[in-house]
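The structure appears below as structure tokens.
Numbering (this note's numbering), first residue to last: 99 to 476.
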């Protein structure tokens with residue numbers, strides 16, 4: 099048997115990581131400004147994280163959600179304190195798509211409605227409802243194209259209000275910083291007006307913080323830059339630094355009903371241990387502040403490079419979630435960064451490099467990247 103070939107791969111076998119660096123099986127060191135697709139929040143192989151997971155695996159790796167798991171309760175309390183949502187409830191699952199899927203189901207259960215509003219260029223996952231809310235017809239199978247979702251331009255509040263006023267919308271789902279969509283940001287004016295329109299029309303506002311959340315923007319959640327308080331918040335990626343885990347933060351307005359939601363692996367002992375270790379490191383090493391400070395520094399350096407480098411059209415983002423738009427397809431630039439300069443970056447659309455490094459990135463490592471990018475673009 100061979101693998102089902104769904105990803106174009108770099109011909110590189112990564113076998114080791116530490117902080118913002120990874121190494122291949124030939125011993126070549128790479129600077130990681132991709133973080134395994136924004137998953138590595140506290141850095142590769144942080145010693146506290148490794149020790150915590152090993153200790154838990156040596157005690158109990160898994161038992162079902164039919165019994166009390168005090169690690170889940172600890173995580174809910176710690177996460178609420180860290181992000182400022184202590185009055186919310188937490189439902190733990192396994193992936194970003196699964197978190198969005200459950201958030202959309204909760205919104206539909208809560209309102210009794212079936213229609214969803216999503217932004218153009220949005221990406222919310224690959225499961226049934228989540229993929230339908232994703233604005234990419236190439237990945238929406240015929241069985242998932244059920245007409246539940248209307249796509250609207252980001253920041254066009256009049257378009258969103260017009261649809262909400264029809265009275266059949268259960269939820270608006272919003273990435274406050276679009277990842278796959280090219281690091282496009284919702285404005286405070288739009289987000290605040292959208293929340294108010296949801297309130298007036300009986301709809302639920304879901305903020306998808308799977309990529310832009312968990313400290314990456316320089317606040318715990320990207321929507322906190324916009325001064326809004328959504329009804330549902332989805333998290334994944336950085337929550338457990340590579341261990342599969344996600345969650346839905348649920349407003350007190352929602353009342354749990356036995357049997358509506360469920361999961362086999364969600365919130366298992368190993369996953370909760372990983373997530374608690376992530377919060378330990380984020381707090382002890384002030385990684386949210388570091389994401390803001392180093393992210394601001396990296397943005398300044400990129401904008402300075404843009405001023406003298408005609409191939410850079412735009413630099414946008416917040417914290418350590420940055421898009422560098424080029425006047426050419428990103429593919430050649432990305433290939434040269436990886437193979438010639440040993441630096442991993444991501445991409446968005448056809449022309450934008452996407453930077454999603456671990457939140458422990460240093461200014462010295464940011465400078466290393468700037469030098470590598472200069473060499474490639476020159």
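Note that CB positions come from ideal geometry on N, CA and C, so glycine has one too.
Assumed close pair residue i, residue j - CB separation to whole angstroms, cut-off 8 Å
| i | j | result |
| --- | --- | --- |
| residue 292 | residue 255 | 6 Å |
| residue 463 | residue 129 | 6 Å |
| residue 439 | residue 473 | 6 Å |
| residue 441 | residue 467 | 6 Å |
| residue 277 | residue 390 | Their Cβ separation, rounded to whole angstroms, is 18 Å, which puts residue 277 and residue 390 out of contact at 8 Å. |
| residue 286 | residue 324 | 5 Å |
| residue 186 | residue 435 | Wrong, their Cβ atoms sit about 40 Å apart, outside the cutoff. |
| residue 329 | residue 351 | 7 Å |
Beta carbon of residue i nearer than 7 Å to that of residue j
| i | j | result |
| --- | --- | --- |
| residue 359 | residue 200 | yes |
| residue 271 | residue 226 | no |
| residue 242 | residue 223 | no |
| residue 144 | residue 379 | yes |
| residue 269 | residue 214 | yes |
| residue 315 | residue 416 | yes |
| residue 137 | residue 361 | no |
| residue 310 | residue 419 | yes |
| residue 84 | residue 458 | Nothing can be reported for residue 84, as the shown portion of the chain is limited to 99 through 476. |
| residue 173 | residue 373 | yes |
| residue 205 | residue 302 | yes |
| residue 367 | residue 177 | no |
| residue 112 | residue 103 | no |
| residue 107 | residue 443 | no |
Closer than 6 Å: residue i CB and nearest the ligand ZN heavy atom
| i | result |
| --- | --- |
| residue 429 | Absence of the ligand ZN is noted for the structure shown, with no ligands found whatsoever. |
With 16 other Cβ atoms within 10 Å as the buried cut-off, status of residue i
| i | result |
| --- | --- |
| residue 99 | exposed |
| residue 456 | buried |
| residue 155 | exposed |
| residue 170 | buried |
| residue 319 | buried |
| residue 432 | buried |
| residue 461 | exposed |
| residue 150 | buried |
| residue 334 | buried |
| residue 399 | buried |
| residue 135 | exposed |
| residue 282 | buried |
| residue 252 | buried |
| residue 382 | exposed |
| residue 317 | buried |
| residue 183 | buried |
Residue of the options minimising C-alpha distance to residue i
| i | options | result |
| --- | --- | --- |
| residue 284 | 443, 414, 343, 101 | 414 |
| residue 424 | 407, 127, 418, 434 | 407 |
| residue 402 | 334, 469, 436 | 469 |
| residue 454 | 179, 191, 393 | 393 |
| residue 280 | 123, 421, 400 | 421 |
| residue 327 | 218, 307, 265, 112 | 307 |
| residue 125 | 134, 132, 114, 118 | 114 |
| residue 262 | 295, 244, 238 | 295 |
| residue 221 | 274, 336, 134 | 274 |
| residue 377 | 337, 368, 157 | 337 |
| residue 119 | 175, 365, 141, 436 | 141 |
| residue 267 | 148, 346, 188, 208 | 208 |
| residue 219 | 212, 210, 230 | 230 |
| residue 450 | 342, 465, 409, 195 | 409 |
C-beta neighbour in chain C for residue i, strict 7 Å
| i | result |
| --- | --- |
| residue 448 | You won't find chain C in this structure, because it holds only one protein chain. |
Any beta strand (DSSP E) of 3 or more consecutive residues that is wholly inside the stretch 261 to 312: Listed in chain order, the complete beta strand (DSSP E) runs (minimum 3 residues) inside the stretch 261 to 312 are 267 to 272, 302 to 306.
Runs of alpha helix (DSSP H) wholly within the stretch 355 to 394 (minimum 4 residues, chain order): Taking only runs of at least 4 residues, the alpha helix (DSSP H) segments lying wholly in the stretch 355 to 394 are 367 to 382.
Alpha helix (DSSP H) runs wholly inside the stretch 157 to 196, at least 4 long, in chain order: As far as the stretch 157 to 196 is concerned, its whole alpha helix (DSSP H) runs of at least 4 residues are 168 to 181.
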